[in-house]
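Everything on this sheet refers to the single structure shown next.
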Ligand SMILES: Nc1nc2c(ncn2[C@@H]2O[C@H](COP(=O)(O)OP(=O)(O)OP(=O)(O)O)[C@@H](O)[C@H]2O)c(=O)[nH]1
Ligand SMILES: [Mg+2]
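In our numbering, the protein residues as written are 1167 to 1324.
Written as structure tokens, this is what we have:
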């Protein structure tokens, strides 16, 4: 293995972080209570001779300390947002933290299978304003496996 990299999956509650990790990784370890992540999801994937260790964070506000801890040593972040709701306060906090810590990231706009066009367009405008330098923005649906291969291509080249 030429490299081992830590990638952290972030985003507010219920945006689809765990669902997306299940599509990326064959054997995921997850800790949930009533369908909500209450610790860390973990799995790894080998892409381009690199072992990528994926750590999925919980999205509930009370787990801010765990998001902060998990970001230690992160090489890259997959930031998942929900096309059906737009950005929440936690998402804005995450964006601020990533910029402050200078951690590169890709944005996956999830749930485009069931979103309203106006909400999606507003979300994209908000992302353009808050993340003007983000090179990787993908629209997809973790549930339907849509956008996952594009995401893998990005991870191959981090
Ligand atoms: N329509 C739709 N629903 C989705 C999609 N991805 C995930 N969901 C649903 O959204 C809900 C939350 O998904 P999770 O993967 O548990 O979300 P999460 O971000 O891990 O949630 P927390 O761990 O609580 O922060 C579940 O009911 C999923 O089935 C998608 O692409 N489209
Ligand atoms: Mg989860």
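The beta-carbon is built from N, C-alpha and C at its ideal position, and this holds for glycine as well.
For residue i, collect the residues of the same chain with a Cβ closer than 6 angstroms to its Cβ; drop the 5 residues on either side in sequence, then sort them by chain order.
| i | result |
| --- | --- |
| residue 1271 | 1243, 1245 and 1264 |
| residue 1324 | 1242 |
| residue 1312 | 1306 |
| residue 1314 | 1189 |
| residue 1203 | 1184 and 1224 |
| residue 1320 | 1272 and 1302 |
| residue 1201 | none |
Let me confirm a value: residue i is counted as buried when at least 16 other C-beta atoms fall within 10 Å, else exposed. Which label applies?
| i | result |
| --- | --- |
| residue 1280 | exposed |
| residue 1239 | exposed |
| residue 1248 | buried |
| residue 1168 | exposed |
| residue 1115 | Shown here, the chain extends from 1167 to 1324; a query on residue 1115 therefore has no answer. |
| residue 1228 | exposed |
| residue 1262 | exposed |
| residue 1178 | buried |
| residue 1266 | exposed |
| residue 1182 | buried |
Take residue i and list the residues in its own chain whose beta-carbon comes closer than 8 angstroms to its own, dropping the five residues that flank it on each side.
| i | result |
| --- | --- |
| residue 1236 | 1174, 1206, 1221 and 1223 |
| residue 1232 | 1205, 1206, 1223 and 1224 |
| residue 1171 | 1216, 1217, 1218, 1219, 1241, 1242 and 1324 |
| residue 1258 | 1296 |
| residue 1210 | 1191, 1217, 1218, 1219 and 1220 |
Could you please give the first and the last residue of the uninterrupted beta strand (DSSP E) stretch that includes residue i?
| i | result |
| --- | --- |
| residue 1305 | 1302–1305 |
Please go through the same chain and pick out, in chain order, the residues whose beta-carbon is closer than 7 angstroms to the beta-carbon of residue i, but skip the five residues on each side of it.
| i | result |
| --- | --- |
| residue 1250 | 1277, 1280, 1281 and 1285 |
| residue 1253 | 1247, 1289 and 1292 |
| residue 1322 | 1213 and 1214 |
Per DSSP, what are the beta-bridge partners of residue i in this structure?
| i | result |
| --- | --- |
| residue 1245 | 1176 and 1273 |
| residue 1221 | 1174 and 1208 |
| residue 1202 | 1199 |
| residue 1213 | 1216 |
| residue 1169 | 1216 |
I'd like to confirm something about residue i: is its beta-carbon nearer than 6 angstroms to some heavy atom of ligand 4, or not?
| i | result |
| --- | --- |
| residue 1184 | Within the structure as shown, ligand 4 is missing, the only ligands being ligand 1 and ligand 2. |
Could you tell me the boundaries of the alpha helix (DSSP H) in which residue i lies?
| i | result |
| --- | --- |
| residue 1287 | 1283–1296 |
| residue 1191 | Where residue 1191 is concerned, there is no enclosing alpha helix (DSSP H), given that its DSSP letter is neither H nor E. |
| residue 1256 | 1255–1267 |
| residue 1314 | 1314–1322 |
| residue 1236 | 1230–1236 |
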